[in-house]
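Scroll down for the structure; my scribbles are underneath it.
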Amino acid sequence: MRAAKYDEIFKVVICGDQGVGKKTLLTRFTKENYKLTPASIK
């Protein structure tokens, strides 16, 4: 299996209050998956 080549790599910090969707946003763009009712992480 060949490693994927990327032109650019970014580091991103996501800040926000509890329950606003930080993990959902991250999951949406990294795993291309979206849950309509995600569980809150405490």
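Numbering follows the numbering used here, with no gaps: position 25 of the sequence shown is 766. Even for Gly, the Cβ is constructed at its ideal location relative to N, Cα and C.
- Exclusion of the five residues before and after residue 768 leaves 774 as the residues of its chain whose Cβ lies within less than 7 Å of its Cβ.
- Straight through space, the alpha carbons of residue 766 and residue 755 are spaced by roughly 9 Å.
- With a contact defined as Cβ atoms closer than 8 Å, residue 757 and residue 764 miss out at about 10 Å.
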